[in-house]
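Each remark here refers to the structure printed beneath this line.
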Amino acid sequence: MNRSRPVLAAVFVLGAALAGGACSGSGSGSKASSKTVVLMTHDSFKASPAVLAQFTRETGYKVKLLKSGDAGKALSEALLVKDHPVADALFGVDNTFLGRALDNGLFSEYAAKGIENVPARFRLDPKQRVTPIDHGDVCVNDDLAWFGHDGHPPAPESLSDLAEPAYRKLLVVENPASSSPGLAFVLATIAAFGENGWHDYWQQLRKNGVRVDDGWEQAYESDFTAAGVSGDRPLVVSYATDPAADVVFSEGKKKVPTVGVVPGTCFGQIEFAGVLEHAKNPAGARALIDFMLTRRFQQDVPLQMYVYPVLPKALLPPVFTKYAVPPARPLALSARVIGSHRTDWIDEWTRIVLQ
Amino acid sequence: MSGRAGRVLRAAIPLGFLGVFFVWPVAAIIGRSLTAGALHDVFVDRGLRHVAWFTLWQAVAATGLTLAVGLPAAYVVARYEFPGRRLFRAFVTVPFVLPTVVVATAFLVLFRPGGALSFLGWQRGVAPMMVAEVFFNVAVVVRMVGGFWSNLDPHRTDAARVLGASRGRAFREVTLPLLGPAIMAAASIVFLFTFTAFGVVLLLADPAHATLEVEIYRQGVQLFDLPVAAALALVQMVGVVALLATMARMQERRAVTQRLVAARDAARRPRGGERWVVAGVLGATTLFLGGPLVVLAGESVRVGGSWSLAAYRALGSASTDTLFVPASDALVNSLGFAALAACIAVVVGGLASVVIASRPGRATRAMDTLLMLPLGTSAVTVGFGFLVALDRWPLDLRAKTILVPIAQSVVAIPFVVRAVVPAIRSIDPRLRDAAALLGAPPRRVWREVDLPIALRAFTVGFGFAIAVSLGEFGATLFVARPDSPTIPIAISRFLARPGALNVGQAMAMSTILMVVTGAVVLAIEQVRVRQLGEL
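Chains as they are written, first to last, in the numbering used here: chain V, 19 to 373; chain R, 177 to 711.
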C-alpha cells in the first residue's frame, strides 16, 4: 500500500527542481534604484549593447528596457498609467500619434542637449515636451526582379499608377486601424490627393484588387514576392530603408537589392522620446535623452532600427548611402491635423475599403 | 490539515491567488473605464452586434470541428497499443504552443497559388481561419479526452457487446455517457479559446471579420477608447460566464463514479479491421497537424529561396543582436518561465480541483466558473488590469519579470482543473470508505486513494500548463516586461524586421520551439509512465 509514497516524493522533487531552476533562470536584476533609468518602448527598439554600455560609463545610469508590443500599444500603456508611471522615459511616439501623447499631458518639458543641431522640420513640439530621435519614410516597395521580367509590366512610378489596370491585384497594404505603416500610407494618399480626393483614390484601389493585411509582418514577410515565404504580391507598403535591409540580411548573397522604392509614395515619420511626467528618475531620463542625440547613438540608429538619424552630422553606413537614400520630399501632414482627424479618417477608410 | 480548517485553506489559496492576479486587476480596469454611455453605445451599435454574433457562431463551429477531428484520435490513442504511441501524444501537443503568426504563415504557404492546398481557394477568409483554430486546439481534445478514456474500464463495453449491442450502440450507450464529463471539459476549453480568438482572425480571416477580442484590442489599444473597450470586455465576460456556469452544472450532473483502470490494461494491439481504423485515424491526424509543421521546418532551412543552414548558424552566432541576448537565453527563459508557471498552476489548480470535486453545490460551481474565466477574458483587459492594479507595495509587480509566469499560470490553471476534476469525481467513494474502514485517517485516504488516480490527470494538466507558458498565452504578451525574451517573443522580433535572414531565423526559432515542446511533453510522459505504471 506504500507505493504512492515514492510517487509523491518524485512529484515534489520534480516540482522543486523545476521551480528552483526557474527561479535561478529568471530572477535577475529587478531592483530598481535611482541609478537605473527605465525606458518604455516598442518591440522594434534596438541599440548596440556597446552603445548602451557607453551611456552607463558616461553617466552612471543603467538602462532598463520595458518593451511592450508595437508603438501604439506602448503609448496606450504609458497613457493608462501616466499618473503613476512604470517607466522614466518613453521612446517611440511618432508624428502620427504625437497629438494623443501631448494632449494627454504624458511628457514633461525638457530641452535636450544638442537639440539646436536637429533641423527644425523634425522639432514638431514648440514646448519641447518631446525630442526627435530618428526619422524614416513609409513607401510603396516594389520587387525589382518581378517587374519588367517574364512579360510583367514595368514598375509603377507614382501613386496614381497603382490604381491602373496594369497593376491589378499586385498591391498589398496594411490596415491603418492596426498598423503604423498602414496608417502612414493612408496619410500619404490624403496628403497627395487632398481631403476630397483620397476617397476616390481608395475606391479605385479597391476595384483594382488591393489586399489589406493586418500588419507589416504579414504583408512583407508572407505576401510580398521579394521577401515573403508565400509571396504573391510584388508591391507592398513598407519602408524606404528596406533595400538596404535586403542586402544586409541576404547572408552575403545579394550585392545589390532586389527591393526598390516607388517614387512619390513616401510619407515621413518622425520618432520621438520624452521624459514622462511623474517619473521616479527624471534626471536619469533626461540624461538618456541627451545621450540619444549624441553622434554615438545617432550613428548606431540606421543599422539597428533601419531608420535615419535626425542629426545631420551623423554618418550613414555605406549600405544606406548606396541603397537607401531618403526621399527628397516625402509627403507630409501636420501632427495637429493628423491628431484631430485620425479616428475619422480610419473609420472612413474602413467603410470605403473593407465594408 | 484535515477537517474544516484544511478545507477552508484548500479553497482560500486558489481564491486568493485568482483574486489578486485576476479579479482585482480586471475589476480595476473595467471599473475605472466603464461608462453608462459606452455600454449603451455598444448595445445599439449594429456593427458590434454583428461582431458579437460572428464571435459566437465561429466559436461554436470551430469547437464542433475540433471535437470531430480530435475524438477519433483520442479513441485510438486511448484504446490501442501501437509503436510510437507516446511520440504521437507529444506530437499532437506541438501545434498548441506555436505562435499564431508562424502558423498563419505556414497555412498561407499551403493555401497560396501554387501551394499544396491552393485548389481549395482559401487564401483568406473564414474557412482557413477555422482550419487554423482546429489545428491549434486538437491537442486539447486528444489529450484531455484521450487521457480520461484510457482509464475507462473496457470490460463495460465488452459486456455490452456480449449482451448483443452493436459496436455503435455500445459506444453511444456505454462509452459516451462515461466520457461525457471529459468531452465537455475539453469542449469548454476549446470554446473559450475560439471565443477569444485573436491572431487567427487578424491573420487568416479577411479584414472585414472581427471577434470581440479583436474589437477590444482595437478600441483599447489602438484607438485608446477605454470606455468602449471596457463595455465590450464586459459583454464578452458575461457571455463567457453564462456558458461556463451551464457547463459546470452539466459536468457535475453527468459525473459518474466508475472503476478506473490502468491505461496499460485498457489498451491493446489492434486486430484485423481495427488495424485499418487505427492507421487511417493516425495517418489523417498526422497529415493535418504535420503538414504545416513540415512547412515551417522547411522554411527554416531555406534562406532567400535556396537551401541553407544560415538561419541556424545566425541564431548561434554572436553577430545576431536582434534579441540583445543570444537565442539560447531565450530558450532558457522560456523553460524557466514554463517550469515556474506550471508549478504554480498545479499547486493552485490542484487544490481548487479537490475542493470542486469533493463538494458539489452552488459555491463550488461558482469557484469552478471563476477559475475558468481567465481563458475567456480578453488579454488586453487582463494586461491593462495588471498595469492599473499591481502598482503599489507590496504588489508593485508591473515591471517585474515574475509577473510573466504569474500571468501564464492564471491561464494554465483552468487546464489543471479541467483535467483533474473529472478524474477525482469518478473515483468510487466505496474505495475511500474501504480505506477509512481499514483505519486510514482522511489525509492518508486522500494520499492512497485519490492522489494515485488523480496523478495521471495532474500530468496532463502539468503538460498543458507548460505548453501554455511555452506558447506565451493570454495576457503575457500584453504585460510590459523587462528584456528577458522568450522563444515566442524572439520569433516576433525576428519577424518584425525585413530581410531573408530574419524570416529564416524566425522559422528556425519556431522549429526549435516545436522540438523543445515535443521533448518536454515526452519527458513528462516518461515520468508519468514510470511512476504510474502499476496503477
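All C-beta atoms in this analysis are idealised placements derived from N, C-alpha and C, irrespective of residue type, glycine included.
Under 9 Å between beta-carbons, which chain A residues line up against Ala-119/V? List them in chain order, please. Looking at the structure shown, chain A is missing, and the protein chains on hand are V and R.
(Q) With distance defined between alpha-carbon atoms, name the residue in Asp-217/R, Val-317/R, Pro-570/R, Phe-634/R nearest to Arg-265/R. (A) In the second sequence, counting from the first residue as 1, residue 265/R sits at position 89. Nearest option by C-alpha distance: Val-317/R.
**Asked** What do you reckon, are the CB atoms on Leu-84/V and Val-56/V nearer than 7 Å?
**Response** As a working mapping, residue 84/V is identified with position 66 in the first sequence. As a working mapping, residue 56/V is identified with position 38 in the first sequence. The Cβ atoms of Leu-84/V and Val-56/V sit closer than 7 Å to each other.
Worksheet entry | Residue ranges of each alpha helix (DSSP H) within the segment 269 to 335 of chain R, 4 or longer | 276 to 287, 302 to 325
For this session: Assuming Val-522/R contacts Phe-634/R (C-beta within less than 8 Å), just tell me the rounded distance between them.
Result: By 1-based counting over the second sequence, the position of residue 522/R is 346. By 1-based counting over the second sequence, the position of residue 634/R is 458. Right, their Cβ atoms sit about 6 Å apart.
Please compile the residues from chain V whose C-beta is within a distance smaller than 7 Å of the C-beta of Glu-475/R. In the second sequence, the residue the question calls residue 475/R occupies position 299. By Cβ distance, chain V contributes Val-247.
Exercise for review: Whole angstroms is fine: what's the gap from Leu-380/R's alpha carbon to Gln-299/R's?
Suggested key: One-based indexing of the second sequence puts residue 380/R at position 204. One-based indexing of the second sequence puts residue 299/R at position 123. Their backbone Cα atoms lie some 8 Å apart in a straight line.
Exercise. Shortest alpha-carbon distance to Ile-688/R belongs to which of Leu-465/R, Gly-474/R, Val-252/R?
Worked result: Position 512 of the second sequence, counted from the first residue, corresponds to residue 688/R. Taking only the C-alpha atoms, the option nearest Ile-688/R is Gly-474/R.
At 4 residues or longer, what runs of the alpha helix (DSSP H) sit wholly inside the segment 241 to 315 of chain V? 260 to 266, 300 to 310
Cβ neighbours of Arg-657/R in the same chain (closer than 8 Å, five flanking residues each side left out): If you number the second sequence from 1, residue 657/R lands on position 481. For Arg-657/R, where only same-chain residues beyond five positions count, the Cβ hits under 8 Å are Ala-575, Thr-577, Leu-579, Val-580.
- Quick one: which chain R residues come within Cβ less than 7 Å of Ala-195/V? Within the first sequence, the letter at position 177 stands for residue 195/V. Per Cβ cutoff of 7 Å: Arg-394, Gln-398.
> Considering only C-alpha positions, which residue in the set Ile-603/R, Thr-553/R, Ala-616/R is nearest to Val-586/R?
Replying inline: Locating residue 586/R in the second sequence gives position 410, counting from the first residue. When only C-alpha atoms are compared, the closest one is Thr-553/R.
Practice task
Put Leu-340/V into one of helix, strand or coil per three-state DSSP.
Solution key: Here residue 340/V refers to the residue found at position 322 when the first sequence is read from its first residue. At residue 340/V the sequence reads Lys, which differs from the Leu that was named. If DSSP states are grouped into helix, strand and coil, Lys-340/V belongs with the helices.
What three-state label does DSSP hand Ile-370/V in the structure shown? Position 352 of the first sequence, counted from the first residue, corresponds to residue 370/V. The answer is helix: DSSP assigns Ile-370/V an H, G or I state.
field: Cβ contact check for the segment 101 to 121 of chain V and the segment 352 to 368 of chain V: 3 or more pairs under 8 Å
entry: A contact is defined here as three or more CB-CB pairs under 8 Å, and the segment 101 to 121 of chain V meets this definition with respect to the segment 352 to 368 of chain V.
Excluding the five sequence neighbours on either side, which residues of its own chain have a C-beta within less than 7 Å of the C-beta of Val-597/R, listed in chain order? On the second sequence, position 421 is the one that residue 597/R refers to. Its chain contains Ser-529, Ile-532, Ala-533 as the residues whose beta carbon lies nearer than 7 Å to that of Val-597/R, once the 5 sequence neighbours on both sides are disregarded; these appear in chain order.
#### Entry: Supposed contact pair Gly-286/V and Ser-176/V - C-beta distance, whole angstroms, cut 8 Å
Residue mapping note: residue 176/V aligns to position 158 of the first sequence, counting from 1. Residue mapping note: residue 286/V aligns to position 268 of the first sequence, counting from 1. With 8 Å as the limit, Ser-176/V and Gly-286/V do not qualify as a contact, their Cβ atoms being about 17 Å apart.
- Could you round the C-beta distance between Gln-427/R and Ala-487/R to whole angstroms and report it? I think they count as a contact, below 8 Å. As a first step, residue 427/R is located in the second sequence; it is residue number 251 there, counting from the start. As a first step, residue 487/R is located in the second sequence; it is residue number 311 there, counting from the start. Contact flag wrong, Cβ pair sits at about 46 Å.
Quick one: grab the DSSP three-state call for Phe-649/R.
-> What you label residue 649/R is simply residue 473 of the second sequence in a count that begins at 1. Note: Phe-649/R maps to coil in three-state DSSP.
Handout entry: Local conformation of Leu-60/V per DSSP, three classes
Key = Position 42 of the first sequence, counted from the start, is the residue given in the question as residue 60/V. In the sequence under discussion, the amino acid at residue 60/V is His, which differs from the Leu named in the question. It is coil, neither helix nor strand.
- Query: Can you tell me whether DSSP reads Phe-264/R as helix, strand or coil?
  - Reply: Here residue 264/R corresponds to residue number 88 of the second sequence, with the count starting at 1. Of the three classes helix, strand and coil, the one that applies to Phe-264/R here is helix, per DSSP.
For this session: Could you pull the start and end residues of the beta strand (DSSP E) that Ile-151/V belongs to?
Result: As a working mapping, residue 151/V is identified with position 133 in the first sequence. Its beta strand (DSSP E) spans residues 149 to 161.
According to the Cβ coordinates, are Asn-159/V and Ser-86/V closer than 7 Å? The count along the first sequence starts at 1 and reaches residue 159/V at position 141. The count along the first sequence starts at 1 and reaches residue 86/V at position 68. Not in contact: Asn-159/V and Ser-86/V (Cβ atoms no closer than 7 Å).
Helix, strand or coil, according to DSSP, for Trp-622/R in the structure here? In the second sequence, the residue the question calls residue 622/R occupies position 446. Helix.
(Q) Using beta carbons (cut-off 7 Å, strictly below), is Gln-236/V in contact with chain R? (A) One-based indexing of the first sequence puts residue 236/V at position 218. For Gln-236/V, the answer is yes, since a Cβ of chain R falls inside 7 Å of its Cβ.
Are the beta-carbon atoms belonging to Pro-275/R and Phe-287/R less than 7 Å from one another?
Residue 275/R sits at position 99 when you count from the first residue of the second sequence. Residue 287/R sits at position 111 when you count from the first residue of the second sequence. No, the Cβ-Cβ distance between Pro-275/R and Phe-287/R is not below 7 Å.
Proximal chain V residues relative to Arg-619/R, where beta-carbon distance stays under 9 Å:
For the purposes of this step, residue 619/R is taken as residue 443 along the second sequence, with counting starting at 1. Result: empty, since nearest Cβ-Cβ is about 12 Å, beyond 9 Å.
- Straight-line Cα distance separating Met-423/R from Ala-315/R: Looking up residue 315/R in the second sequence gives position 139. Looking up residue 423/R in the second sequence gives position 247. Their backbone Cα atoms lie some 20 Å apart in a straight line.
Report the residue from Leu-329/V, Arg-147/V, Asp-168/V, Gly-246/V whose alpha carbon sits nearest the alpha carbon of Asn-678/R. As a first step, residue 678/R must be located in the second sequence, where it is residue number 502. Of Leu-329/V, Arg-147/V, Asp-168/V, Gly-246/V, the residue nearest in Cα terms is Gly-246/V.
**Item:** Contacts of Ser-176/V in chain R (Cβ-Cβ under 7 Å)
**Value:** Sequence index remark: in the first sequence, residue 176/V carries index 158 (1-based). What Ser-176/V touches in chain R: nothing, since even the nearest Cβ is about 23 Å away.
What residues in the segment 83 to 95 of chain V have a beta carbon less than 9 Å from any beta carbon of chain R?
Leu-83, Leu-84, Lys-85, Ser-86, Gly-87, Asp-88, Gly-90, Lys-91, Ala-92, Leu-93, Ser-94, Glu-95
query: Should Gly-344/R be flagged as near chain V, meaning a C-beta pair shorter than 7 Å?
result: Residue 344/R sits at position 168 when you count from the first residue of the second sequence. False, the Cβ-Cβ gap to chain V never drops below 7 Å.
Run of the beta strand (DSSP E) containing Asp-231/V, from where it starts to where it stops | Sequence index remark: in the first sequence, residue 231/V carries index 213 (1-based). If you look at Asp-231/V, you'll find it in the beta strand (DSSP E) that goes 229 to 231.
#### Entry: Sub-7 Å separation of Pro-201/R and Phe-649/R beta-carbons
As a first step, residue 201/R must be located in the second sequence, where it is residue number 25. As a first step, residue 649/R must be located in the second sequence, where it is residue number 473. Contact: no.
| request: Identify whether Phe-394/R lies in helix, strand or coil by the three-state DSSP scheme. | output: Indexing the second sequence from 1 puts residue 394/R at position 218. Note that residue 394/R corresponds to Arg in the displayed sequence, not to Phe. DSSP places Arg-394/R in helix when its eight states are reduced to three.
Checklist entry - What separation, rounded to the nearest whole angstrom, lies between the Cα atoms of Gly-323/R and Arg-444/R? => result Here residue 323/R is taken as the residue at index 147 of the second sequence, counted from 1. Here residue 444/R is taken as the residue at index 268 of the second sequence, counted from 1. Approximately 15 Å, taken between the alpha carbons.
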